[in-house]
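K.L.:
Protein chains: 2
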Amino acid sequence: MGALHEGHGRLIGEARRDTECVVVSIFVNPIQFNQPEDYALYPRTLETDAAFCDARGVDLIFAPSAEEMYPWAQTTFVDVTLLTDGLCGKYRPGHFRGVATVVLKLLNIVQPHRAYFGEKDAQQLAVIRRMVQDLMLPVSIVAIPTVREPDGLAMSSRNARLNAEERRSAAVLYAALRHVEDRVRGGATGAAGLRREALDIFAREPGVRLEYFEIVDPGELQPVQQISGPVLAATAAWVGGTRLIDNITCLPAA
Amino acid sequence: MGALHEGHGRLIGEARRDTECVVVSIFVNPIQFNQPEDYALYPRTLETDAAFCDARGVDLIFAPSAEEMYPWAQTTFVDVTLLTDGLCGKYRPGHFRGVATVVLKLLNIVQPHRAYFGEKDAQQLAVIRRMVQDLMLPVSIVAIPTVREPDGLAMSSRNARLNAEERRSAAVLYAALRHVEDRVRGGATGAAGLRREALDIFAREPGVRLEYFEIVDPGELQPVQQISGPVLAATAAWVGGTRLIDNITCLPAA
Numbered sequence: 001m002g003a004l005h006e007g008h009g010r011l012i013g014e015a016r017r018d019t020e021c022v023v024v025s026i027f028v029n030p031i032q033f034n035q036p037e038d039y040a041l042y043p044r045t046l047e048t049d050a051a052f053c054d055a056r057g058v059d060l061i062f063a064p065s066a067e068e069m070y071p072w073a074q075t076t077f078v079d080v081t082l083l084t085d086g087l088c089g090k091y092r093p094g095h096f097r098g099v100a101t102v103v104l105k106l107l108n109i110v111q112p113h114r115a116y117f118g119e120k121d122a123q124q125l126a127v128i129r130r131m132v133q134d135l136m137l138p139v140s141i142v143a144i145p146t147v148r149e150p151d152g153l154a155m156s157s158r159n160a161r162l163n164a165e166e167r168r169s170a171a172v173l174y175a176a177l178r179h180v181e182d183r184v185r186g187g188a189t190g191a192a193g194l195r196r197e198a199l200d201i202f203a204r205e206p207g208v209r210l211e212y213f214e215i216v217d218p219g220e221l222q223p224v225q226q227i228s229g230p231v232l233a234a235t236a237a238w239v240g241g242t243r244l245i246d247n248i249t250c251l252p253a254a
Numbered sequence: 001m002g003a004l005h006e007g008h009g010r011l012i013g014e015a016r017r018d019t020e021c022v023v024v025s026i027f028v029n030p031i032q033f034n035q036p037e038d039y040a041l042y043p044r045t046l047e048t049d050a051a052f053c054d055a056r057g058v059d060l061i062f063a064p065s066a067e068e069m070y071p072w073a074q075t076t077f078v079d080v081t082l083l084t085d086g087l088c089g090k091y092r093p094g095h096f097r098g099v100a101t102v103v104l105k106l107l108n109i110v111q112p113h114r115a116y117f118g119e120k121d122a123q124q125l126a127v128i129r130r131m132v133q134d135l136m137l138p139v140s141i142v143a144i145p146t147v148r149e150p151d152g153l154a155m156s157s158r159n160a161r162l163n164a165e166e167r168r169s170a171a172v173l174y175a176a177l178r179h180v181e182d183r184v185r186g187g188a189t190g191a192a193g194l195r196r197e198a199l200d201i202f203a204r205e206p207g208v209r210l211e212y213f214e215i216v217d218p219g220e221l222q223p224v225q226q227i228s229g230p231v232l233a234a235t236a237a238w239v240g241g242t243r244l245i246d247n248i249t250c251l252p253a254a
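If you read the sequences in order, they're chains A and B.
Each residue of the first sequence is one higher than the one before, starting from 1 at the first, in my numbering.
Each residue of the second sequence is one higher than the one before, starting from 1 at the first, in my numbering.
1) Given a limit of 7 Å on CB to CB distance, which residues of the stretch 49-79 of chain A reach chain B?
2) Go through the stretch 166-204 of chain B residue by residue and report every complete run of the beta strand (DSSP E) that reaches 3 residues or more, in order.
3) Are the C-beta atoms of Lys-120 of chain A and some chain B residue less than 8 Å apart?
4) Looking at chain A, is there any beta carbon in it that lies within less than 8 Å of the beta carbon of Pro-150 of chain B?
5) Return yes when the Cβ of Leu-162 of chain A is within less than 8 Å of the Cβ of Gly-240 of chain A, no when it is not.
6) Roughly how many angstroms lie between the CA atoms of Leu-137 of chain B and Ala-191 of chain A, to the nearest whole one?
7) For Ser-156 of chain A, which of helix, strand or coil comes out of DSSP?
8) Which partner residues does Phe-77 of chain A have in the DSSP bridge list?
9) Given a cut-off of 8 Å on the beta-carbon distance, is the pair Thr-84 of chain A and Val-127 of chain A in contact?
10) For Thr-146 of chain A, collect the residues of the same chain with a Cβ closer than 6 Å to its Cβ; drop the 5 residues on either side in sequence, then sort them by chain order.
11) Can you find at least 3 beta carbon pairs, one from the stretch 59-66 of chain A and one from the stretch 23-37 of chain A, that sit closer than 8 Å?
12) Once you ignore the five residues that flank Arg-158 of chain A on each side, which residues in its own chain have a CB closer than 6 Å to its CB?
13) Flag this pair as yes or no: are the beta carbons of Trp-262 of chain A and Arg-209 of chain A separated by less than 8 Å?
14) Using a cut-off of 9 Å between C-beta atoms, extract the partners of Asn-108 of chain B located in chain A.
15) Contact between the stretch 101-114 of chain B and the stretch 227-237 of chain A: three or more CB pairs below 8 Å?
16) State the Cα-Cα distance for the pair Ala-3 of chain A and Asp-54 of chain A, rounded to the nearest angstrom.
17) Report the residue from B:Phe-52, B:Ala-203, B:Pro-30 and B:Gln-124 whose alpha carbon sits nearest the alpha carbon of Leu-221 of chain B.
18) Give every residue of the same chain whose Cβ lies closer than 6 Å to the Cβ of Asp-217 of chain B, excluding the five residues on either side of it in the sequence, and list them in chain order.
19) Looking only at its chain, what residues have a beta carbon closer than 7 Å to the beta carbon of Pro-112 of chain A, apart from the 5 residues adjacent to it on each side?
20) Please report the straight-line C-alpha distance between Pro-206 of chain B and Tyr-91 of chain B, rounded to a whole angstrom.
21) What number of angstroms, rounded off, separates the C-alpha of Arg-129 of chain A from the C-alpha of Ala-236 of chain B?
22) Mind checking who Pro-230 of chain B pairs with in its DSSP beta bridge?
23) Could you list which residues in chain A have their beta carbon closer than 8 Å to that of Arg-130 of chain B, in chain order?
24) Please classify Asp-134 of chain B: is it buried, with 16 or more other beta-carbons within 10 angstroms of its beta-carbon, or exposed?
25) Looking at the strands, I want to know which residues DSSP matches up with Ala-237 of chain A.
26) Does the Cβ of Arg-17 of chain B have 16 or more other Cβ atoms within 10 Å, making it buried, or fewer, making it exposed?
27) Is Arg-185 of chain A near Leu-82 of chain A, with beta carbons less than 8 Å apart?
28) Closest Cβ-Cβ distance between Lys-105 of chain B and chain A: below 8 Å?
29) Cutting at 7 Å between CB atoms, please list the residues of its own chain near Val-132 of chain B, excluding the five before and the five after it.
30) Taking 8 Å as the cut-off, decide whether the C-beta atoms of His-95 of chain A and Gln-35 of chain A are in contact.
31) If you drop the 5 nearest sequence neighbours on each side, which residues of the same chain put their C-beta closer than 7 Å to that of Thr-45 of chain B?
32) CB-CB under 6 Å to Gln-74 of chain B, same chain, minus the five flanking residues each way: which ones, in chain order?
33) Using a Cβ-Cβ cut-off of 8 Å, state whether Gln-111 of chain B counts as contacting chain A.
34) Opposite Arg-148 of chain B in the DSSP bridges: which residues?
35) In angstroms, rounded to a whole number, what distance separates the CA positions of Gly-9 of chain B and Ala-171 of chain B?
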């Protein structure tokens with residue numbers, strides 16, 4: 001969706017290493033926004049983005065207009081069920097339908113052999129992986145780790161909206177996730193208790209309104225009670241008027 | 001779905017003329033049946049079908065098992081909205097979701113340049129055309145006219161289930177459609193009146209239970225009141241325990 005940062009830079013870098021021709025799609029997709037003001041406010045910085053891509057050896061930028069992607073009222077939609085019931089899916093009805101639909105369109109237009117997605121959007125990544133498997137699409141999905149600021153905040157185009165105080169508070173998402181990761185590595189197995197500990201950490205930042213903090217299985221994103229293998233800890237929170245998400249895959253001690 | 005007849009033969013013949021390599025997919029798709037007994041009863045004649053294809057110069061038959069097409073519980077579905085509200089969509093909830101989903105999977109697997117569909121399944125054809133446009137799929141959809149028996153009955157794998165008396169009664173679908181086509185060509189413009197005339201024709205065959213007879217626009221399949229251009233007359237009826245469908249595109253006098 002543009003407003004490129006070092007998280008995107010890493011996707012481009014990996015693609016540049018792996019493949020002959022690197023295409024970056026830049027499209028702020030209207031059908032995945034629940035709130036018109038979020039769509040209107042989403043940063044659009046095509047000129048800077050183009051320079052960013054240029055500097056990293058991108059071969060082609062595909063930056064269609066909304067009218068080119070939706071020349072008539074879209075009537076066909078892709079629904080990935082089950083995986084979209086919880087986490088962000090619960091709070092953003094229709095969001096993943098919009099994401100899956102536009103990603104399928106972009107894949108059909110660009111027809112890449114490999115497509116690179118960031119792990120920061122863990123539910124999106126799981127949804128796209130499942131869509132590709134279920135629809136037997138001829139593309140490999142490559143997941144790229146989240147790039148973080150020095151205090152751990154995951155890079156996001158939305159971070160630019162935070163004022164200084166909000167920016168400081170925003171570090172609580174990563175702090176809570178890291179706490180849970182450490183506890184799981186240390187042998188903790190009860191998800192309910194870990195979730196309460198994470199909520200306590202959030203409670204220390206009254207400027208941050210937690211939307212969810214969940215511990216789920218990494219494949220189908222269903223809630224886990226007893227941790228006996230890798231789990232995904234995922235959270236969404238409002239910092240002022242900005243909604244941020246983050247996640248960590250937690251591995252129990254071997 | 002196999003049980004190949006001369007309607008399919010015409011699809012193959014056109015593809016054979018147009019293209020270098022002809023692939024026939026034969027797959028009775030479980031997720032498009034509303035009634036388990038219809039799925040169970042659907043004819044499966046792979047050996048005869050293979051000979052049929054051989055005789056017509058088909059290069060490849062793709063006949064996967066249900067386990068190959070659905071190796072795990074399918075969670076991704078394609079919904080074509082609006083066009084599926086009426087006609088068969090009203091009576092077969094989930095049917096077109098199952099059709100769109102399997103056709104997209106088959107297209108992704110086979111990756112044809114052109115795909116051939118029969119006009120007999122008019123709503124299916126419209127749904128697939130719209131899906132291809134909406135999802136920007138790299139394939140051309142080719143529509144092939146319905147092949148009919150001497151009394152006008154549209155060829156269908158389901159016709160084999162009719163007994164002699166049912167087979168005779170089944171001609172009423174085409175008779176009613178032809179009546180409407182003639183009246184439109186003759187200048188009739190009121191769809192409600194034409195629909196009543198068609199219903200009167202059906203009433204003469206008490207062994208046939210009409211499900212619907214509708215006059216709709218051929219693109220989005222929405223009901224038409226005043227006929228001023230091409231319209232689709234479409235019908236579904238039960239003849240004994242067998243559900244038959246048929247349609248004609250009606251052109252007003254120039």
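Built from N, CA and C at the ideal position, the CB exists for glycine as well.
P.N.:
Once the coordinates are examined:
1) So the list reads Gln-74, Thr-75, Thr-76, Phe-77, Val-78 and Asp-79, given in the order they occur along the chain.
2) Entirely contained in the stretch 166-204 of chain B, not one beta strand (DSSP E) run reaches 3 residues.
3) Answer no: the Cβ-Cβ gap between Lys-120 of chain A and chain B never drops below 8 Å.
4) Not one chain A Cβ lies under 8 Å of Pro-150 of chain B.
5) The Cβ atoms of Gly-240 of chain A and Leu-162 of chain A sit closer than 8 Å to each other.
6) Spanning the alpha carbons of Leu-137 of chain B and Ala-191 of chain A requires a straight line of approximately 43 Å.
7) In this structure, Ser-156 of chain A counts as coil in the three-state DSSP scheme.
8) B:Asp-79, per the DSSP bridge assignment.
9) Yes, these two residues count as a Cβ contact at 8 Å.
10) These residues qualify, in order along the chain: Glu-119, Lys-120 and Ala-154.
11) At 8 Å Cβ cutoff, the stretches touch.
12) Setting aside the 5 residues that flank it on each side, Arg-158 of chain A is surrounded in the same chain by Thr-242, each with a C-beta closer than 6 Å to its C-beta; the list follows chain order.
13) Any question about residue 262 of chain A goes unanswered here, given that chain A covers just 1 to 254.
14) Per Cβ cutoff of 9 Å: Leu-135, Met-136, Leu-137 and Pro-138.
15) The stretch 101-114 of chain B, when compared against the stretch 227-237 of chain A, does not touch it at the 8 Å Cβ threshold.
16) About 14 Å.
17) For the set B:Phe-52, B:Ala-203, B:Pro-30 and B:Gln-124, the Cα lying nearest the Cα of Leu-221 of chain B is the one of B:Gln-124.
18) The beta carbon of Asp-217 of chain B lies closer than 6 Å to those of Val-224 in the same chain, with the five residues before and after it left out.
19) For Pro-112 of chain A, where only same-chain residues beyond five positions count, the Cβ hits under 7 Å are Val-23 and Val-139.
20) For Pro-206 of chain B and Tyr-91 of chain B, the distance between alpha carbons rounds to 21 Å.
21) Each residue's Cα considered, the two are about 39 Å apart.
22) DSSP lists no bridge partner for Pro-230 of chain B.
23) Here the neighbours are Thr-75 and Thr-76.
24) Its Cβ being crowded by 16 or more others within 10 Å, Asp-134 of chain B is buried.
25) Paired residues: A:Leu-210 and A:Leu-244.
26) The Cβ neighbour count for Arg-17 of chain B, taken over all protein chains shown within 10 Å, is under 16; the residue is labelled exposed.
27) Arg-185 of chain A places its beta carbon 8 Å or farther from that of Leu-82 of chain A.
28) Yes, contact with chain A.
29) Here the set comprises Val-139 and Ile-141.
30) No, they are not a contact pair.
31) The answer, listed in chain order, is Gly-2 and Ala-3.
32) Cβ within range, chain order: n/a, list empty.
33) Interface with chain A (8 Å Cβ-Cβ cutoff): Gln-111 of chain B is included.
34) Answer is B:Ala-154.
35) For Gly-9 of chain B and Ala-171 of chain B, the distance between alpha carbons rounds to 22 Å.
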